[in-house]
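Notes follow once the structure below has been shown.
Protein chains: 4
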Amino acid sequence: MRKLRLGMVGGGQGAFIGGVHRIAARLDGRWDLVAGALSSDPERARASAAELGLPPDRSYGDFAEMARAEAARADGIDAVAIVTPNHMHAAPAVAFLDAGIHVICDKPLAATRADAEAIAAAVARSGRQFILTHNYTAYPLMRQAREMIAQGELGEIRVVQVEYAQDWLTEETSNKQADWRTDPARSGAGGCVGDIGTHAFNLACFVTGLEPEALLADLGTFVPGRRVDDNVQVLLRFRGGARGMLWASQVAVGNENALRLRVYGSKGGLEWAQETPNAMSFTRFGAPRQTLTRGGAGATPAGQTLLRVPPGHPEGYLEGFATLYAEAADLIGGLADGTPPAGTQLPGIGDGLAGMRFIGACIDSSRANGVWTDL
Amino acid sequence: MRKLRLGMVGGGQGAFIGGVHRIAARLDGRWDLVAGALSSDPERARASAAELGLPPDRSYGDFAEMARAEAARADGIDAVAIVTPNHMHAAPAVAFLDAGIHVICDKPLAATRADAEAIAAAVARSGRQFILTHNYTAYPLMRQAREMIAQGELGEIRVVQVEYAQDWLTEETSNKQADWRTDPARSGAGGCVGDIGTHAFNLACFVTGLEPEALLADLGTFVPGRRVDDNVQVLLRFRGGARGMLWASQVAVGNENALRLRVYGSKGGLEWAQETPNAMSFTRFGAPRQTLTRGGAGATPAGQTLLRVPPGHPEGYLEGFATLYAEAADLIGGLADGTPPAGTQLPGIGDGLAGMRFIGACIDSSRANGVWTDL
Amino acid sequence: MRKLRLGMVGGGQGAFIGGVHRIAARLDGRWDLVAGALSSDPERARASAAELGLPPDRSYGDFAEMARAEAARADGIDAVAIVTPNHMHAAPAVAFLDAGIHVICDKPLAATRADAEAIAAAVARSGRQFILTHNYTAYPLMRQAREMIAQGELGEIRVVQVEYAQDWLTEETSNKQADWRTDPARSGAGGCVGDIGTHAFNLACFVTGLEPEALLADLGTFVPGRRVDDNVQVLLRFRGGARGMLWASQVAVGNENALRLRVYGSKGGLEWAQETPNAMSFTRFGAPRQTLTRGGAGATPAGQTLLRVPPGHPEGYLEGFATLYAEAADLIGGLADGTPPAGTQLPGIGDGLAGMRFIGACIDSSRANGVWTDL
Amino acid sequence: MRKLRLGMVGGGQGAFIGGVHRIAARLDGRWDLVAGALSSDPERARASAAELGLPPDRSYGDFAEMARAEAARADGIDAVAIVTPNHMHAAPAVAFLDAGIHVICDKPLAATRADAEAIAAAVARSGRQFILTHNYTAYPLMRQAREMIAQGELGEIRVVQVEYAQDWLTEETSNKQADWRTDPARSGAGGCVGDIGTHAFNLACFVTGLEPEALLADLGTFVPGRRVDDNVQVLLRFRGGARGMLWASQVAVGNENALRLRVYGSKGGLEWAQETPNAMSFTRFGAPRQTLTRGGAGATPAGQTLLRVPPGHPEGYLEGFATLYAEAADLIGGLADGTPPAGTQLPGIGDGLAGMRFIGACIDSSRANGVWTDL
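Residue numbers (the numbering used here), protein chains in the order written: chain A, 333 to 707; chain B, 333 to 707; chain C, 333 to 707; chain D, 333 to 707.
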């Protein structure tokens with residue numbers, strides 16, 4: 333398999349998620365990072381590119397130039413990773429898609445509905461791939477959970493409890509990561525709901541395969557002066573009758589990154605927590621609770637997605653993220669070779685739009701003091 | 333200290349909670365069970381009394397006779413425990429209170445609001461004690477949590493997540509316990525919400541000391557043909573601005589009796605689960621998570637409530653229940669001796685009425701398709 | 333069933349284990365405490381008896397007088413509980429047995445081998461019951477583990493890892509409990525090995541049903557000036573080829589009462605920890621790990637020993653202890669009525685002697701710098 | 333920083349640990365794999381090299397040729413990773429060291445003491461770096477534990493309990509991984525003791541900083557026909573008086589890769605388990621147990637070793653392994669540039685020799701039926 337060529341927009345010095353994307357792209361040896369517009373600050377862009385060993389002629393001052401230049405090269409990038417703050421997703425995404433280059437974009441899709449629709453339109457007209465890095469869906473046990481539910485192991489799904497608790501914004505905080513996430517101009521109108529609520533919502537839908545129908549939300553802001561929500565409480569209704577609750581918080585003291593999903597059906601229940609991702613609890617009604625491990629006894633085919641090391645050798649956040657990049661390589665490389673894979677579990681534009689509807693509905697419902705709002 | 337004399341209404345053969353009350357009363361050696369109207373079925377009442385070694389002349393055919401007779405005896409009972417199904421709380425409670433006998437009553441207070449008010453009126457006019465066995469409040473770590481919060485260890489409370497998940501009603505079930513709990517005529521209009529939702533609500537209020545202001549509920553019934561709710565999802569607002577979520581379910585496969593409380597404030601967070609009641613997680617913002625154990629390092633005075641065995645020697649459900657009986661003995665014996673305790677943490681009529689308001693508001697809100705309803 | 337009459341030797345004010353025995357005797361309502369020689373200090377004996385509501389004429393100044401007097405009464409005690417420090421077990425045990433009274437005795441059996449043999453001889457000549465309160469064997473899941481192993485669910489047992497870690501003697505400590513346990517004249521030559529090592533050894537043998545063949549021990553004393561061991565490390569060999577390790581420590585900082593047993597056979601493995609006694613891990617080779625709960629799905633008949641409350645309602649240390657007293661009532665009451673139970677799982681004199689051999693062999697092996705020593 | 337050039341001996345198709353080394357080398361972007369002698373089977377060597385994208389002229393038929401050729405190239409490899417079975421470590425290690433090429437070698441050091449000494453001699457005469465991939469030492473919390481102990485946070489170390497339990501060899505097993513590990517000609521005389529016992533021993537010594545003085549071992553083989561040990565039970569004595577127990581097993585049903593370390597001192601205790609490597613329990617005597625997380629509150633400088641993602645975003649086995657490769661790049665690149673780092677925590681030849689002494693002493697002690705054997 334040819335190694336694919338990756339470009340990056342954003343992710344310069346001091347960024348968090350850009351570094352994660354780079355490790356993820358490297359881990360399975362399927363991508364080479366060869367080009368970038370790493371910062372809107374030219375000095376930082378240059379220095380970041382040098383640090384990463386990018387050839388100087390492929391360190392671009394802005395994404396538009398990069399899209400044009402890379403599209404024109406015979407050895408141009410196969411895909412671009414967009415790892416900027418939310419309000420800076422749409423412009424580069426559209427530029428690269430329109431230049432014929434596949435896009436891997438961090439979540440949520442965009443800061444505004446208009447931006448989101450612009451991206452969706454570009455995806456549609458370009459025919460290019462658009463991959464949204466809802467990385468938590470790529471944990472092997474989440475793939476396995478989805479497969480078990482699809483195969484009816486839990487019976488008819490009744491109750492979905494999902495939560496994502498952090499505490500890093502418990503007090504007024506100022507740093508590169510906090511600043512843009514609490515600035516509506518950069519993050520969009522949703523704070524916590526966009527940053528982590530969308531992950532929780534996406535994961536619940538991915539795993540259960542249920543279609544969300546409506547929600548009712550109560551968004552709160554506990555830190556004085558904060559301009560976006562920092563605590564999100566939502567009731568969910570799914571088509572077919574299942575009910576859910578979603579809680580996301582950035583002020584839940586004692587929680588680092590506690591994404592947790594629990595699903596209960598007429599025949600069984602599943603419980604999983606992101607901070608210990610190599611085990612999942614599964615109970616068939618009337619039988620003892622089982623602990624299913626990543627790739628361990630009882631692993632389904634989907635649960636054996638890209639196992640790099642045997643059970644008991646913990647994989648983590650970066651491996652899940654890397655799986656997205658490996659699958660992106662399968663997809664994009666396969667398309668280039670005329671051998672696309674039969675299907676993919678990669679999150680895409682549809683997930684991005686669903687996330688935007690989720691954010692919007694949460695804000696609308698909450699502003700109306702809690703009314704059921706269609707999704 | 334004189335051992336006090338206890339009577340019991342309900343709790344005959346085949347009952348569950350009656351046996352729990354008897355063990356709880358016995359455990360600390362403060363009560364002798366001396367009289368009972370153990371069943372509405374005279375044969376079962378007699379047999380049950382014989383099994384428990386009650387003197388035949390104090391095994392009564394009905395509670396009214398029992399109240400009259402015991403009130404007339406010089407060695408009459410000091411208190412009566414009422415352990416019947418919900419719809420059978422009010423009549424005996426009123427009878428005993430009006431006969432001047434203190435009442436210890438299982439929760440929820442009653443099946444209907446009218447019944448609840450009748451009890452409250454009898455409490456008021458009789459001046460007798462009324463103790464409602466919200467037993468989970470008596471776990472030492474819940475007493476400690478309440479004290480820590482009252483002392484400001486968590487700062488201002490922001491978020492309260494409480495849940496009570498069981499799975500025993502996942503399928504259509506018929507037995508003595510299930511039958512009355514799923515029959516609105518006996519349990520009241522609320523099923524899961526009354527049986528376990530009230531425990532969760534009560535515990536959240538007890539521990540946080542917050543006053544609940546309003547709720548918004550979505551009650552569901554997943555088992556076909558069931559006439560009461562079996563899954564309860566509630567948003568809560570507390571006076572002062574704290575927000576909460578409450579989930580109670582009897583169809584959450586894999587959960588036996590998973591009452592769990594999490595409280596987050598501006599300075600710290602607490603997390604506790606009833607199934608492992610001897611440990612509680614506590615985090616001060618910015619410091620490592622601590623595991624506080626029953627009576628262990630860092631135990632506050634309230635956390636040392638009736639420690640019978642040292643840390644590491646697990647106490648459980650029955651010991652918590654017994655603490656209510658021991659404190660009831662302190663209170664009732666103290667009143668009899670003219671030496672009542674300075675205060676008490678025992679749940680009482682106020683908690684019972686709050687629970688009824690909770691049930692009613694949940695039902696009302698849910699029937700209106702989810703509207704904020706005052707408490 | 334007639335309530336049985338219990339006497340007690342030791343257990344006066346300030347004692348720990350005496351109070352535990354009294355709660356255990358009370359919990360299931362099978363025993364009345366009616367007589368005692370509660371302290372060797374007459375003043376404390378009187379005060380303790382008054383506090384417990386014993387009739388003054390049955391509060392005795394010494395055990396010998398008590399044995400004579402109770403044996404002579406028509407309503408004399410059915411059994412006596414001996415809850416004194418180790419060096420004070422033999423004299424009262426022999427006196428009561430020889431007076432025809434059944435004995436329930438705290439562990440270890442005695443402080444010296446001579447004492448142990450004196451008790452054994454008295455048991456043999458009296459034909460009375462002798463019950464040693466190795467309470468951990470009475471946890472329902474330990475009964476279930478024993479049954480599962482006996483039925484071959486684990487295959488042939490290969491490895492037994494047992495440990496009992498505490499930290500309360502990490503530093504030089506002086507209080508009623510610590511003083512006698514670290515005084516060879518009162519505890520016997522073994523410190524930690526006798527106090528908790530015997531529990532670990534007994535539990536491992538009880539659950540596995542294996543016969544211990546030899547051991548090799550390394551006893552250590554870490555606290556300067558301490559006259560007995562406070563850390564015990566032992567290799568074990570069982571008849572049939574199984575191997576084991578036993579670790580007991582009173583200086584393992586962070587451990588309150590961490591008795592833990594793990595057993596592995598050719599077909600399966602079991603893991604259990606006393607501090608969370610309502611769950612046990614069970615794995616069939618090649619299948620997912622299961623969590624078996626007290627009385628929950630998959631509970632065997634033995635695992636349903638005296639379930640007082642349903643799964644998810646935690647029982648603990650006192651309930652296990654109470655099971656010994658309830659079974660003692662079945663046994664002693666049954667013998668009195670001519671209807672003894674078909675069998676019993678109660679620990680007895682054989683366990684006591686095995687424990688003494690264990691202590692002796694540990695000390696001998698360790699003094700010889702670690703040599704295999706027969707049991 | 334220049335990317336360094338890596339070669340590999342072993343690790344062809346079907347290998348396990350070779351792939352791990354490659355991911356580890358890639359993850360932080362510090363190494364390019366440019367040459368290999370990937371298999372002793374020329375066909376497999378070629379195919380493996382092609383799969384990895386190695387240039388054909390740098391896919392060698394044997395390690396000796398590779399050492400010569402690479403040493404002669406201006407752009408020759410900076411280091412070689414040796415990932416063959418144990419009996420094939422010494423010859424290539426010596427060849428590359430003598431060719432002036434640094435070596436990164438999988439553990440244990442060798443299959444025989446003679447081999448180990450040959451490697452040590454080559455290290456000494458060549459002056460080249462020799463890094464042994466005891467990867468578990470590179471988990472950030474193990475670095476932090478070592479630092480905390482070195483700084484006296486636990487006081488004087490008293491007790492070290494280390495274990496490494498697996499179950500994959502519970503039955504007779506035949507596959508590429510099992511075959512060589514149970515063949516004394518390839519694994520050396522130790523089976524389980526060499527494969528995983530050495531990891532446990534190394535980790536205990538690394539973290540505590542204690543010098544092991546003597547051991548006493550009981551090795552067992554439970555699977556009929558197996559020619560090496562599959563269960564290892566060891567008593568340890570450290571210089572200064574600390575005592576330890578080490579258990580390693582490949583037949584402990586229910587355990588995947590359960591390396592666990594517990595250390596207790598006069599002031600505190602630490603407990604950690606490899607399968608959940610992002611949390612460590614720490615207790616100061618008399619204070620509540622704390623959960624320290626990777627990079628979380630209370631992280632020491634050493635605990636912040638190469639944090640790639642924030643707390644709550646789990647890192648795992650591969651990240652620990654990658655840290656060794658990143659530090660190897662710092663060391664080897666630094667030496668090349670004349671800017672070697674001030675110190676290193678990388679395991680080296682000394683650890684390898686200590687591991688060989690450990691294996692030898694275990695076998696000797698066990699054959700002598702358990703005698704204390706100097707280390």
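Using N, Cα and C, we set each Cβ at its ideal position, and we do this for glycine too.
Q: Determine the closest residue to residue 598(B) out of 444(B), 489(B), 463(B), 363(B), with distance taken between C-alpha atoms.
A: 489(B)
Q: Round the Cβ separation of residue 522(B) and residue 561(B) to the nearest angstrom and send it over; I've been treating them as touching at under 8 Å.
A: 7 Å
Q: Scan the region 593 to 611 of chain D for residues whose Cβ lies nearer than 9 Å to a Cβ of chain C and list them as they occur along the chain.
A: 594, 596, 597, 598, 599, 600, 601, 602, 603
Q | Straight-line gap, residue 609(D) to residue 513(C) (C-alpha atoms, nearest Å) | A | 38 Å
Q. Is any beta-carbon of chain A found at less than 7 Å from that of residue 648(D)?
A. yes
**Q.** Short-range partners of chain C found in the region 346 to 361 of chain B, where Cβ spacing is below 9 Å
**A.** 348, 351, 352, 354, 355, 358, 359, 360, 361
Q) Leaving out the 5 sequence neighbours to the left and right, which residues in its chain are closer than 6 Å to residue 509(D) when beta-carbon positions are compared? A) 348
Q.
Any C-beta of chain C within less than 7 Å: which residues of the region 571 to 592 of chain D qualify?
A. 575, 577, 579, 581, 583, 584, 585, 586
**Q.** In chain order, each beta strand (DSSP E) run of at least 3 residues that lies wholly inside the region 591 to 624 of chain A
**A.** 600 to 605, 611 to 616
Q) Closest Cβ-Cβ distance between residue 531(D) and chain A: below 7 Å? A) no
Q: Starting from the C-beta of residue 468(B), find all residues in its chain whose C-beta is less than 7 Å away, skip the five residues before and the five after it, and write them out in chain order.
A: 474, 531, 535, 591, 606, 652
Q: Kindly confirm or deny that the region 495 to 503 of chain A and the region 573 to 586 of chain A touch, where touching means at least three C-beta pairs closer than 8 Å.
A: yes
Q | Segment contact, 8 Å Cβ cut-off, at least three pairs: the region 362 to 376 of chain B with the region 343 to 360 of chain C | A | no
Q: Classify residue 419(D) as helix, strand or coil using the three-state DSSP reduction.
A: helix
Q | Buried/exposed call for residue 603(B), threshold 16 Cβ in 10 Å | A | buried
Q | Start-to-end residues for the alpha helix (DSSP H) that takes in residue 565(A) | A | Per DSSP, residue 565(A) belongs to no alpha helix (DSSP H); it is in the beta strand (DSSP E), 563 to 570.
Q) Looking at C-beta atoms only, is the number of pairs between the region 564 to 579 of chain D and the region 474 to 484 of chain C that lie closer than 8 Å three or more? A) no
Q. Does the region 403 to 420 of chain C come close enough to the region 379 to 386 of chain C to have 3 or more Cβ pairs within less than 8 Å?
A. no
Q) Name the residues in the region 550 to 565 of chain B whose C-beta lies less than 8 Å from a C-beta of chain A; which are they? A) 550, 552, 554, 563, 565
Q. Helix, strand or coil for residue 424(A) per DSSP?
A. helix
Q. By DSSP, does residue 348(C) sit in helix, in strand, or in coil?
A. coil
Q. Got a sec, what are the start and stop residues for the alpha helix (DSSP H) residue 692(A) sits in?
A. 681 to 699
Q | Contacting residues, own chain, Cβ-Cβ under 6 Å from residue 543(B) (five flanking each side not counted) | A | 571
Q. If residue 547(D) sits next to residue 683(D), beta carbons under 8 Å apart, how far is it from one beta carbon to the other, in whole angstroms?
A. Contact doesn't hold; Cβ gap of about 16 Å is too wide.
Q: For chain A, find out if any of its Cβ atoms is closer than 7 Å to the Cβ of residue 493(C); answer yes or no.
A: no
Q.
So, under 8 Å CB-CB, residue 434(B) and residue 664(B) are touching, yes? Tell me the CB distance rounded to an integer number of Å.
A. 5 Å
Q | Short CB-CB distance (under 7 Å) between residue 633(A) and chain D | A | no
Q: Classify residue 657(B) as helix, strand or coil using the three-state DSSP reduction.
A: helix
Q. Between which two residues does the beta strand (DSSP E) harbouring residue 379(A) extend?
A. No beta strand (DSSP E) contains residue 379(A), which is instead part of the alpha helix (DSSP H) from 374 to 383.
Q. Within the 7 Å Cβ cut-off, does residue 363(D) reach chain C?
A. no
Q | Rounded Cβ spacing between residue 476(B) and residue 632(B) (contact assumed at less than 8 Å) | A | 5 Å
Q: Give the DSSP-derived three-state secondary structure of residue 462(C) in the structure shown.
A: strand
Q. Under 7 Å between the Cβ atoms of residue 377(B) and residue 339(B)?
A. no
Q: Please confirm if residue 704(A) has its CB atom under 7 Å from at least one CB of chain B.
A: yes
(Q) By the three-class DSSP mapping on this structure, what secondary structure does residue 544(A) have? (A) strand
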